[in-house]
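Q: Residue numbers (mature numbering (1 follows the signal peptide of the UniProt record, and there is no 0)): -20 to -1, 1 to 43.
From the three backbone atoms N, C-alpha and C, an ideal C-beta is built for every residue, glycine too.
Starting off with a structure, shown below.
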C-alpha cells in the first residue's frame, strides 16, 4: 500500500513539474532569473493543495 501511494505521489509531482516547466518556458522570454523561484513556489503550492492529511491513531487492519 505504501509503495502504491509513493508511486501515485511521484506521478502527481511529475505532472505538476511538467506543468510548471511549461509555464516557465512561456515566461522564459520575459524573466530568465526568476524561473527557478517561480517553479519552486508553484510546486510548493500544488503540493500543499494535493496533500493528503495524515491521521494519527488510525486503527490497524487485521490480516
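#1: Where does residue -1 land, buried or exposed, given buried means 16+ other C-beta within 10 angstroms?
#2: Assuming residue 17 and residue 4 make a contact with CB atoms under 8 Å, what is their CB distance in whole Å?
#3: Helix, strand or coil for residue -1 per DSSP?
#4: Would you please state the rounded distance, in angstroms, between the beta carbons of residue -5 and residue 23? I believe it to be under 8 Å.
A: Taking the structure as given:
#1: For the purposes of this step, residue -1 is taken as residue 20 along the chain shown, with counting starting at 1. By the neighbour-count rule (16 or more Cβ atoms within 10 Å), residue -1 is buried.
#2: The residue given as residue 17 occupies position 37 in the chain shown. The residue given as residue 4 occupies position 24 in the chain shown. Going by Cβ atoms, the distance from residue 17 to residue 4 rounds to 10 Å, so no, they are not a contact pair.
#3: Translated into positions along the chain shown, residue -1 becomes position 20. Helix, per DSSP.
#4: The residue labelled residue -5 in the question sits at position 16 within the chain shown. The residue labelled residue 23 in the question sits at position 43 within the chain shown. Rounded, the Cβ-Cβ distance is 6 Å, consistent with contact.
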